[in-house]
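Chains A and B, in that order, are what the protein sequence lines are. Just so we're aligned, residue 2 is where the first sequence starts under the working numbering, counting upward by one. Just so we're aligned, residue 711 is where the second sequence starts under the working numbering, counting upward by one. Positions of the beta carbon are idealized from the N, C-alpha and C atoms, including for glycine. Before any comments, here is the structure.
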Amino acid sequence: MVESALSDTNTGLDATRSRARNWPLWIGATLAAFILLLAAVGPWLAPLSPTTPHYIIYNSVTKAFVKPPLPPFTVPGFPLGADGMGRDLLSQLLWAVRPTMILVLLVAAIRLLVGLTIGALAGWWPGRIGTALDLLIALALTPPVLLVALCVVAALSITWGMGAFVLGLTITGWAEAASLLRTQMRLVKGEPYIEAVRALGANEGQLLLRHGLPQALGLIWILLVSEVSSTLMVTAGLGFLGYYMHVIWVPLEDWSALRSSGRPELAQLLATGAGQAYQQPWQLLVAGSCIFLIVLGFNLLGEGLRRRHTRQQSRQPRTRLGKAVAATRLAVTERAQSQAVTWQRNWSTSATLGALMALALAGGAILWQSQRTTLTTGFIAVPGDHLWATARHDAQATRWTPTVGPAQEPTIAWQWQADADFSGGPVVAADGTVYLADRGGTLTALLPTGAMRWQIALAVQPVGTPTLLPDGTIALLGSQGEMALVTPTGQLRHLVTTASTAKTLTNPVADANGTIYYVTEEHLAAVSSGGAVIWQQRIPTYSYIDPVLRLSEDGQRLYFEDIASSTSAGKAIYAATKEPIDKFIVGANGQSYLAGQAALATLAFGEQLLVTPLIQWDPILLGTSVRLPQDAGVLPDGRLWIFYAGGFEYAKLIWVNTSGQPEAIVDYTWEVDSTQLIGVDGQGLLYTCGRQYTNRREQRLECMAHAAGARTVRWKFIFPENGFPVGGALAPGRLYVATAEGRLYTLATP
Amino acid sequence: MLRYLSWRLAASPLIVLAVNALAFLYAHIALRVQLANNPYGAAGADEVSLWGLYGGYLARLVQGDWGVMPTVAQEPIGQLVLQSGLRSLGLLLIAFLLSMILGLSIGVYGARYLPPRLAPWLPPLAAVGQALPSYYIGALALALLLRYLTQAGPESTAPLPVQGFGWDRHLILPVAVLLVRPAAQLAHFTAGLTVSELERLYVTAARSRGLPVHLIRWKHVLGNVWAPLLLTMAASLRLLIGELILVEKLFGWPGLGSLLATTLVPPQTASLGSLQGAVSYFLLPELLAAALTLVAVALLALDTAAALLARLADPRLGRATTGATYG
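Given below as structure tokens:
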């Protein structure tokens, strides 16, 4: 395609065309500008969410309900129809142009930069370098670009994601541009003025950079638009075959999975359309038409630019007016001639190459940005600045900490063995002291170095993980609802007991005033830091699976399952939904949400609770419709994680972005019920631990780190001893892991 | 010429062997990457040395054993690839010949003689033709057929077969879809060359001697531009080989392109068994090596033939330092 864009440059054809209106330039520029505008503002123009399914739609024309897929122009509100899941094709298309064009522009710029470098060197330097580069160009030109891209993407897309597309489309795609530039450089090299400059003493490098390249750079923008269309053709071809960006494997059952799209993209629309070509060809037609128009626009723009370039070289004024204009232009030009020539000689190469590099860098940055985790700085603070104040880091149970854990492959810094099994995980105070309780009734404080600071035997049988109050006091619940309050120096301050001996249900949480809240099988209770019971209310619901008590960021409400109670008196104030699975959660950004089986909703508390759906996902597509989420959380950037684990299934973690699209699904193969989600750190790394069960003799404790929104493992650590994890905590550069066997491990990056 | 041919013939077996080795090793490495990153297939990863694997494969290859498909029938891979290759070759040659005839005719007649210039209808036609993806034309055809069937009623049958293989009407849709882009590309290029040739003095001389314009176009003008046209045709054929993967997939043509699509694209659904290679062809090393080897042979033959024909048409090409390898 690049060839054809420039093929008749030397045929003399353009002299005949110079008198004709340059309509390809105008039509091409209009189409290209429209496409780029669509890429910029398309998502805002989308009438519907591109990912929201509509399983049944009311057709106001026929006064009947219809099921998707919908052909174009049949149902009002869906002008281009809808796919098999009822997602609006127009909205998908408007969202899809942007990511595709960013990829295509990036690849075109890289291809051109590589082609320019190799082509210029091959054209300028004879001898071995030139021959070697000639061979390289010939080799790259031989296989079809689509086949090469297909091979690269097939091998690497699972690990490199979009990087595989960039590599696959570039690895041989540069050759056409290189071949043309090589020819151009050879023509320039034969010009007499080059000989003259050489005779004046210029070396080959100066000749190439200051005199050769500027002559070839006139073609760069023509080549760029041609590269855009040829890259898009190959990208679309890959899409038609089933490869597109943001692809994810969605597990369907225990041992099967489905390739699915993460976000709307033109190639993805083609892939979906190709799968339904015989049942719903309009999907393929809609996406194909868009590809056709983009390619046509850029082809015409390339043709128009080429004609303009040739005309500028051969234009001779014919009319009197034309001659007068030409004379004026010449006069003006001559005055600026010396500066222009100097500028051209010194800066035009740098400016053009700089623009190309800027295009490549900008495209790369946008693509990279769309994949990486961006954590904002706004997040809830832990009273007392403790590093890990409760079982789930904070009273809001976000499992998110602003500190950075062991980002690289860790080793065991130290380990500590207790006399009895641990009742839960560790907590870490602001000074780095680690507190743990064991089932023997001992609370232990360890220094950050691993040395024991103190131990205290308590008259309660500890349950779960302790909680740190703002002043450093440690609150620990017993199995029958009693609570021990221990000073940071290891003295028992209070032992709080109540008339009820109901079993303890949750870990305690503490607010900024030091008030501690917890739930037993009978009561929701509040205890002051002085050990006085402030209030006790009957437990608001008996419907729970993995009971967690959370405190709202402002400290006004307590969330237990889908019930919100006031912290002042413990009375239930909002009973939100009829769905027993729904839970109130608090994000690391401080926002309260209602997390359900297939949606995350924001909450506005007033006289009535206002629930607004924020993120929705498809549990059928994700294969989670029959699974109950054990926990969920929101990162400061709004990204959602849902953790599925239970006593009868392997654990699974799903990342959903703010558009409701699943970004990654992490399947854990650890022993059922052993997977412990420890938390997410400030760099967006997620830490999990579990026990790998191979056979009765081979069971090993493992921990892994994944980047947020990604499935690839950053590191995996296998412990030398077997163990069943019961909890963990993150501290700067450290991951603490407690096992049921009474061992505490400290993993740290060396 | 002879030296060039001998060099080509000597290098070709080495290139084919290198492609075979690369394809085999690539498939194994890619498969390992897939298995390592997919929890469903991790158990199937092997740790055997790649070179050892290839050595064994090569030894079997020398004995004429290309391996068997991992199916119950255990179909020989060599036979399958050869059979698919012949089906693709037939489709490719028919599409190529028709597109060349069409492209040349449009190109030659798209060049006006007095004054020498392009016919006004040619540039838009070429621009649209070159921007039309093959699967898009295919989808258009399918949509039209679907509409026809919907309107004709349940008793009707499609006027053209849209799926499957046959050296009959089955060829019509795949060939029609395949030939559009190469024909448009060749027409554009031919017209450009023809216009520039029509401006030359020998054309004026021939015309002044009373030769008819069509004779000048087809005999003298075309005779002088054969060399660049042959190189463009070779490039078009290469484009067709790429497009073949898409078109064969769309129309279910059981050729080499379809085989490559199956080998290089995972199924939309995967299971533990399929990822371990029990029933899937995805990244099957023996199959991929055989298919890519055949593609390499075809490309080499095409490249050599095009370069030789171009040199025959224009002996200056053999002496030129530029563009000798191009095509």
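Query raised in the report: In the structure shown, what three-state DSSP assignment does leucine 49 (chain A) receive?
Result: Stepping through the first sequence from its first residue, residue 49 (chain A) is reached at position 48. Reduced to three states, the DSSP call for leucine 49 (chain A) is coil.
**Report entry** Whole-angstrom distance between glutamate 703 (chain A) and tryptophan 126 (chain A), CA atom to CA atom
**Finding:** Along the first sequence, read from residue 1 onward, the residue named residue 126 (chain A) stands at position 125. Along the first sequence, read from residue 1 onward, the residue named residue 703 (chain A) stands at position 702. About 57 angstroms.
Report task. Consult DSSP for proline 252 (chain A) and reduce its assignment to one of helix, strand or coil. Result -> Within the first sequence, numbered from 1, the residue matching residue 252 (chain A) stands at position 251. Its pLDDT being 48, under 50, proline 252 (chain A) is placed unreliably by the model, and the measurement read from it follows with that caveat. Strand, per DSSP.
Query raised in the report: Taking any Cβ of chain B, which residues in the region 271-291 of chain A have a Cβ under 8 angstroms from it, in chain order?
Result: Leu271, Gly274, Ala275, Gly276, Ala278, Tyr279, Pro282, Trp283, Leu285, Leu286, Gly289, Ser290
Requested in this report: Check whether the region 807-815 of chain B touches the region 1003-1023 of chain B, counting contact only when three or more Cβ pairs, one atom from each stretch, lie closer than 8 angstroms.
Outcome: no
Report task. Assign asparagine 60 (chain A) to one of three DSSP states: helix, strand, or coil. Result -> In the first sequence, the residue the question calls residue 60 (chain A) occupies position 59. Asparagine 60 (chain A): strand per DSSP, three-state reduction.
Report task. Under 8 angstroms between beta-carbons, which chain B residues line up against glutamate 1 (chain A)? List them in chain order, please. Result -> Summary: the structure shown does not reach residue 1 (chain A), with chain A confined to residues 2 through 751, and so no result is reported for it.
Query raised in the report: Would the region 29-40 of chain A and the region 295-302 of chain A be scored as touching if the rule is three or more Cβ pairs under 8 angstroms?
Result: yes
Query - Touching by the beta-carbon criterion (3+ pairs, under 8 angstroms), the region 379-395 of chain A and the region 463-473 of chain A - result: Contact between the region 379-395 of chain A and the region 463-473 of chain A is present, because at least three Cβ pairs lie under 8 angstroms.
Report task. Would you check if the distance between the CB atom of valine 549 (chain A) and the CB atom of threonine 507 (chain A) is smaller than 9 angstroms? Result -> By one-based count along the first sequence, residue 549 (chain A) stands at place 548. By one-based count along the first sequence, residue 507 (chain A) stands at place 506. Yes. Within cutoff.
Query raised in the report: Nearest chain C C-beta to phenylalanine 79 (chain A) closer than 9 angstroms, yes or no?
Result: Considering every chain present, this structure includes no chain C. Its protein chains are A and B.
Query raised in the report: Which of helix, strand or coil does DSSP assign to proline 548 (chain A)?
Result: Along the first sequence, one-based indexing puts residue 548 (chain A) at 547. Of the three classes helix, strand and coil, the one that applies to proline 548 (chain A) here is coil, per DSSP.
Query raised in the report: Got a sec? Which residues, its chain only, sit under 6 angstroms from aspartate 255 (chain A) by beta carbon, not counting five neighbours each side?
Result: Position 254 of the first sequence, counted from the start, is the residue given in the question as residue 255 (chain A). For aspartate 255 (chain A), the pLDDT reaches just 47, beneath the cut-off of 50, and the residue's location in the model is therefore unreliable, leaving the point undetermined.
Query raised in the report: Cα-Cα, which of A:Asn723, A:Gly724, A:Lys717 is closest to threonine 750 (chain A)?
Result: Position 749 of the first sequence, counted from the first residue, corresponds to residue 750 (chain A). Checked all of A:Asn723, A:Gly724, A:Lys717; the closest Cα to threonine 750 (chain A) is A:Lys717.
Report task. Name the two residues that bound the continuous alpha helix (DSSP H) containing methionine 943 (chain B). Result -> As a working note, residue 943 (chain B) is residue 233 in the second sequence. Element bounds for methionine 943 (chain B): 936-961.
**Report entry** Stretch pair the region 893-906 of chain B + the region 834-851 of chain B: three plus CB contacts closer than 8 angstroms
**Finding:** As far as the Cβ criterion goes, the region 893-906 of chain B touches the region 834-851 of chain B, which means the pair count is three or higher.
Query raised in the report: Mind pulling the chain B residues with CB within less than 8 angstroms of tyrosine 244 (chain A)?
Result: Taking the first sequence and counting its residues from 1, one reaches residue 244 (chain A) at position 243. Residues of chain B whose Cβ lies closer than 8 angstroms to the Cβ of tyrosine 244 (chain A) are, in chain order, Val975.
Report task. With a cut-off of 8 angstroms on the beta carbons, I'd call leucine 104 (chain A) and threonine 236 (chain A) a contact; round off their distance for me. Result -> On the first sequence, residue 104 (chain A) is found 103 positions in, with the first residue counted as 1. On the first sequence, residue 236 (chain A) is found 235 positions in, with the first residue counted as 1. Indeed they touch by this definition, with Cβ atoms about 7 angstroms apart.
Report task. Ignore the nearest five residues each way along the sequence and tell me which others in tryptophan 222 (chain A)'s own chain have a CB closer than 8 angstroms to its CB. Result -> Locating residue 222 (chain A) in the first sequence gives position 221, where the first residue counts as 1. Answer for tryptophan 222 (chain A): Leu306, listed in chain order.
Query raised in the report: lysine 584 (chain A) lies in the beta strand (DSSP E); which residues open and close that run?
Result: If you number the first sequence from 1, residue 584 (chain A) lands on position 583. Run containing lysine 584 (chain A): 584-587, per the beta strand (DSSP E) assignment.
Report task. Measuring alpha carbon to alpha carbon, tell me which of A:Gly648, A:Arg735, A:Ile655, A:Trp671 ends up nearest alanine 665 (chain A). Result -> Locating residue 665 (chain A) in the first sequence gives position 664, counting from the first residue. Considering only alpha carbons, the answer is A:Ile655.
Query raised in the report: Using the beta-carbon count (16 or more within 10 Å), is tyrosine 645 (chain A) buried or exposed?
Result: Counting from one through the first sequence, the residue named residue 645 (chain A) turns up at place 644. Flag for tyrosine 645 (chain A) reads buried.
Report task. Indicate whether at least one CB of chain A lies closer than 9 angstroms to the CB of proline 723 (chain B). Result -> As a working mapping, residue 723 (chain B) is identified with position 13 in the second sequence. With 9 angstroms as the cut-off, proline 723 (chain B) does not count as an interface residue toward chain A.
Query raised in the report: Just how far apart, CA to CA, sit serine 593 (chain A) and valine 534 (chain A)?
Result: On the first sequence, residue 593 (chain A) is found 592 positions in, with the first residue counted as 1. On the first sequence, residue 534 (chain A) is found 533 positions in, with the first residue counted as 1. Taking the straight line from one Cα to the other gives about 27 angstroms.
Query raised in the report: At a CB-CB cut-off below 8 angstroms, which residues of chain A make contact with lysine 959 (chain B)?
Result: If you number the second sequence from 1, residue 959 (chain B) lands on position 249. Near lysine 959 (chain B) (Cβ distances below 8 angstroms), the residues of chain A are Phe241, Leu242, Ala275.
Report task. Name the two residues that bound the continuous beta strand (DSSP E) containing proline 726 (chain A). Result -> Taking the first residue of the first sequence as position 1, residue 726 (chain A) is located at position 725. Here the beta strand (DSSP E) through proline 726 (chain A) covers 726-732.
Query raised in the report: Considering glutamine 481 (chain A), what are the terminal residues of the alpha helix (DSSP H) in which it resides?
Result: Counting from one through the first sequence, the residue named residue 481 (chain A) turns up at place 480. Neither: glutamine 481 (chain A) is in no alpha helix (DSSP H) and is coded neither H nor E.
Query - chain A contact for glutamine 873 (chain B) (CB, 9 angstroms cutoff) - result: Here residue 873 (chain B) refers to the residue found at position 163 when the second sequence is read from its first residue. Glutamine 873 (chain B) counts as touching chain A.
Query raised in the report: Out of A:Leu448, A:Cys690, A:Ala458, which has the shortest C-alpha to C-alpha gap to aspartate 439 (chain A)?
Result: Translated into positions along the first sequence, residue 439 (chain A) becomes position 438. Per the Cα distances, A:Ala458.
Query - Own chain residues within Cβ distance below 7 angstroms of proline 541 (chain A), not counting five before or after - result: Position 540 of the first sequence holds residue 541 (chain A). Result list for proline 541 (chain A): Leu525, Phe561, Ile564, Ser566, Ala573, in chain order.
Query raised in the report: So which residues of chain B does threonine 300 (chain A) contact, with C-beta pairs closer than 7 angstroms?
Result: The residue labelled residue 300 (chain A) in the question sits at position 299 within the first sequence. Note on identity: in this sequence residue 300 (chain A) is asparagine, with threonine being the wrong assignment. Ala837, Gln840, Ala841, listed in chain order.
Requested in this report: Please name the residues in the region 988-1011 of chain B whose beta-carbon is closer than 9 angstroms to at least one beta-carbon of chain A, in chain order.
Outcome: Phe992, Leu993, Leu998, Leu1002, Val1005, Ala1006, Leu1009, Leu1010
Query raised in the report: Taking just the CA atoms, how far does methionine 943 (chain B) sit from valine 913 (chain B)?
Result: For this step, residue 913 (chain B) is matched to residue 203 along the second sequence. For this step, residue 943 (chain B) is matched to residue 233 along the second sequence. Valine 913 (chain B) and methionine 943 (chain B): Cα-Cα distance of roughly 25 angstroms.
Query - Where tyrosine 59 (chain A) falls, given that 16 or more other Cβ within 10 Å makes a residue buried - result: In the first sequence, residue 59 (chain A) corresponds to position 58, counting from 1. Burial call: exposed.
Query raised in the report: Quick one: is leucine 763 (chain B) near chain A, going by C-beta distance under 9 angstroms?
Result: By 1-based counting over the second sequence, the position of residue 763 (chain B) is 53. No, leucine 763 (chain B) does not count as interfacial toward chain A.
Requested in this report: Count the C-beta pairs between the region 130-142 of chain A and the region 169-182 of chain A that are closer than 8 angstroms, then say yes if the count reaches three, no if not.
Outcome: yes
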